[in-house]
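Trainee: Going by full-length UniProt numbering, the letters in the sequence shown line up with residues 1 to 510, in that order.
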Amino acid sequence: MSAVHTRSLLQFPAGDNSTDTFINGVHYNRTTLDLFSYQLYSNDTISNGSNCFLVFDIYHPSLLPNGSWINGTSCYTPYYGIRTRGSLSIAFGTAFGITLVFTLVNLRKHGRMYLREDKRFKIIGRRWQWYWMIFVAVCGLVSCFTGIDVERFYLQSLPIVLQSFFFALMLPGMLAAVWEAVRHWGSFSERRVSERDPYLLIDDDRRAKTEFYFPLVFYVFAWLSFFLVIPRSWGKLQQQRSPEQQAEIAAPNATNIRLKIGGIIAAVAWSVIVYSLFHSARHYSTRSQNRIPLKLVAALVVLAIRIAYSTASAYVWDIGISKFDGDPAWPFALGYGSSLLLLVILEIAGLRDENEDKVIIQLRREMGRAVDAELGYKAKPSWWNKAAASMHLNHDDRLKAITREAPVDRQTHSDLFEDVEMHAFDPPSENGSQSADHPDPFRDPSLTGSVTPSHEATHMMRSSSRPRGVASIETMDSASTSISETTGMTGQTLDNDAQPKREYRSMLDI
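1. Quick one: what's phenylalanine 153 bridged to in DSSP?
2. Leaving out the 5 sequence neighbours to the left and right, which residues in its chain are closer than 7 Å to methionine 133 when beta-carbon positions are compared?
3. On a CA-only basis, which of Glu190, Ala168, Val193 and Gly25 is nearest phenylalanine 226? Give me that one, please.
4. Roughly how far, in whole angstroms, is the beta-carbon of glutamate 195 from the beta-carbon of leucine 363, given that I think they are within contact range, below 8 Å?
5. Using the DSSP secondary-structure output, state which residues sit across from glutamine 39 in a beta bridge.
6. Per DSSP, tyrosine 28 is paired with what?
7. Looking at C-alpha atoms only, which residue of Arg126, Asp327 and Ala304 is the closest neighbour of alanine 267?
8. Are the Cβ atoms of serine 87 and phenylalanine 53 separated by less than 8 Å?
9. Can you tell me whether DSSP reads tryptophan 132 as helix, strand or coil?
10. Taking its Cβ as the centre, do 16 or more other Cβ atoms sit within 10 Å of glutamate 117, making it buried, or is it exposed?
11. With DSSP collapsed to three states, give me the class of valine 178.
12. Quick check: is any heavy atom of the ligand NAD less than 7 Å from the C-beta of leucine 341?
13. Name the two residues that bound the continuous alpha helix (DSSP H) containing phenylalanine 96.
14. Would tryptophan 185 and leucine 296 be called neighbours here (beta carbons separated by less than 8 Å)?
15. Under the three-state reduction of DSSP, which class applies to leucine 54: helix, strand or coil?
16. Compute the Euclidean distance between the alpha carbons of phenylalanine 12 and leucine 40, then round it to the nearest angstrom.
17. Answer yes if the segment 254–264 comes into contact with the segment 308–323, meaning at least three C-beta pairs across the two stretches below 8 Å, and no otherwise.
18. Using only the alpha-carbon positions, how far apart do glutamine 129 and isoleucine 230 sit?
19. Tell me which same chain residues have a C-beta within less than 6 Å of the C-beta of aspartate 16, skipping the five on either side of it?
20. Report the residue from Tyr38, Phe22 and Asn43 whose alpha carbon sits nearest the alpha carbon of serine 242.
21. Taking only three categories from DSSP, how would you classify serine 62?
22. What does DSSP give as the partner residues of leucine 10 in its beta bridges?
23. To the nearest angstrom, how far is the alpha carbon of alanine 471 from that of phenylalanine 121?
24. Alpha carbon to alpha carbon, how far is glycine 235 from leucine 259?
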């Protein structure tokens, strides 16, 4: 591993004359060097604070009178080969890339909808866990691949800053991913309980109010940790070009008070996740026969290791990721290793678990079989219901659908429509009146005494031509007439047309 170069000012070596200096086989004009404030340093570099060039070995830059350099090689360029830190960065970066693929697979699997979205259980709730895992995997990928050049650069520059920045950015993402996994497990447990008994859980009790404030409390501490750790001067971490710079600039920046408080607040956010997990287990595990999943316990343990390492590195400079020549075992084992292990645990669990909507569909099928057995209802075959609409019904709607499917006597149902028989009327005569053979069909013949033999014959003929057991309108009229003889009531509407007409011979009769 490359060591920190001792960096101190040196005098320009003597040249051919008083205005000439000879450095690494090249003559330079000292007047031009002094004009542009260039200094020679003990780490074989020449710099004026803005530009820095290598002046050893195969590097032979030339300085023009106008201050321009020809064939110059910057000090902040890869010079060394890939070593331990770079090799580990490649390995872990590849692993993070693989987990990113499986995260997208799990997002598609668990983010798909097979049921109508419920306003209490939004589809976005089950996707947030995978969104945060994508964020963690991308941060780990960028941090590892930018860390390849940390040891390769002759003097530290942007790679150490990028690696440290994305490494620190992984912790808030891990906190949010574990929180969403725990929160969704509690929400899914509540959904299963509600499917079995919609009236068991009350919406305005202490349990519901506690679950309402849980996300607010967690994200308050998570964002506090984020704003304490992330928004700061990261450029000072590259000031490790000499032991003095490393001790006076880089180390204090990587171990300041904000990082220490941020680690403590992250631990508080972790405790909120633990309390939320036990809260959900206390209210839903016994009711849904569901215990705390092992994946959540393992995820909390791994997350605790990651928080402990981040907090410890804020106190001890030598074990942090920001020290470019430190022991890489600490950050890669406890930092990247714990982050990668957390992603692997959740990925394996996501591949094994079934989609939440499919679990609810299976639960509704089991409940439907139990209800059918209790009511003695024989379900139709699977090919009967093409759309499988009953799968989208809740418990109450399914019971209503079953009652609507109760058997109906078809013979009785058809008799309701066979009692009424319509007959065609003869066309009116030339003078516009009805034929004498066909009296007014809306008048009771018994009241007027106008029943003719032809009408009675027609009535008997129609009655004999009908199927047995079917009553005609005329039969019902005769039945109502017989009732009127005994009770004096006809059962018809009392209007003017139903009364017999009186004949007036002159105005004196009125």
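C-beta atoms are modelled at their ideal positions from N, C-alpha and C, and glycine is treated no differently.
Computed from a predicted model, the values in this text were never measured in an experiment.
Mentor: According to the structure data:
1. What you label residue 153 is simply residue 153 of the sequence shown in a count that begins at 1. BP columns for phenylalanine 153 point to Pro78.
2. Against the sequence shown, residue 133 aligns to sequence position 133. Scanning its chain for C-beta atoms nearer than 7 Å, with the 5 sequence neighbours on each side dropped, one finds around methionine 133 the residues Thr103, Ala177, Leu343 and Leu346, in chain order.
3. Taking the first residue of the sequence shown as position 1, residue 226 is located at position 226. Nearest option by C-alpha distance: Ala168.
4. Position 195 of the sequence shown, counting from 1, holds the residue named residue 195. Position 363 of the sequence shown, counting from 1, holds the residue named residue 363. Contact flag correct, Cβ pair sits at about 6 Å.
5. Translated into the one-based positions of the sequence shown, residue 39 becomes position 39. Paired residues: Ser47.
6. For the purposes of this step, residue 28 is identified with residue 28 of the sequence shown, where counting begins at 1. Under DSSP, tyrosine 28 forms a beta bridge with Thr21.
7. For the purposes of this step, residue 267 is taken as the residue at position 267 of the sequence shown. Closest option to alanine 267, judged by alpha-carbon separation, among Arg126, Asp327 and Ala304: Ala304.
8. For the purposes of this step, residue 87 is identified with residue 87 of the sequence shown, where counting begins at 1. For the purposes of this step, residue 53 is identified with residue 53 of the sequence shown, where counting begins at 1. In this structure, serine 87 sits away from phenylalanine 53, with a CB-CB distance that is not shorter than 8 Å.
9. For the purposes of this step, residue 132 is taken as the residue at position 132 of the sequence shown. Tryptophan 132 sits in a helix when the DSSP states are folded into three classes.
10. As a working mapping, residue 117 is identified with position 117 in the sequence shown. The residue in question, glutamate 117, is exposed, as its Cβ has fewer than 16 Cβ neighbours within 10 Å.
11. Residue mapping note: residue 178 aligns to position 178 of the sequence shown, counting from 1. Valine 178: helix per DSSP, three-state reduction.
12. Only the bare structure without any ligand can be found here, which leaves the ligand NAD out of the picture.
13. Translated into the one-based positions of the sequence shown, residue 96 becomes position 96. Here the alpha helix (DSSP H) through phenylalanine 96 covers 84–111.
14. Here residue 185 refers to the residue found at position 185 when the sequence shown is read from its first residue. Here residue 296 refers to the residue found at position 296 when the sequence shown is read from its first residue. Yes. Within cutoff.
15. By 1-based counting over the sequence shown, the position of residue 54 is 54. Looking at leucine 54 - three-state DSSP - the assignment turns out to be strand.
16. Walking along the sequence shown from the start, residue 12 turns up at place 12. Walking along the sequence shown from the start, residue 40 turns up at place 40. Taking the straight line joining both Cα atoms gives about 7 Å.
17. Touching, yes, given that three or more Cβ pairs across the two stretches are closer than 8 Å.
18. By one-based count along the sequence shown, residue 129 stands at place 129. By one-based count along the sequence shown, residue 230 stands at place 230. Each residue's Cα considered, the two are about 22 Å apart.
19. For the purposes of this step, residue 16 is taken as residue 16 along the sequence shown, with counting starting at 1. Residues of the same chain with their beta carbon placed closer than 6 Å to that of aspartate 16 are lacking, with the five preceding and five following residues left out of the count.
20. In the sequence shown, residue 242 corresponds to position 242, counting from 1. Nearest C-alpha to serine 242: Asn43.
21. Numbered from its first residue, the sequence shown carries residue 62 at position 62. Note: serine 62 maps to strand in three-state DSSP.
22. As a working mapping, residue 10 is identified with position 10 in the sequence shown. Answer is Leu40.
23. To locate residue 471, count along the sequence shown from 1; it is residue 471. To locate residue 121, count along the sequence shown from 1; it is residue 121. Because alanine 471 sits at a pLDDT of 44, beneath the cut-off of 50, its placement in the model cannot be relied upon, and the following sentence gives the value as read from the coordinates. One C-alpha to the other measures close to 59 Å.
24. By one-based count along the sequence shown, residue 235 stands at place 235. By one-based count along the sequence shown, residue 259 stands at place 259. When rounded, the distance between both Cα atoms is 16 Å.
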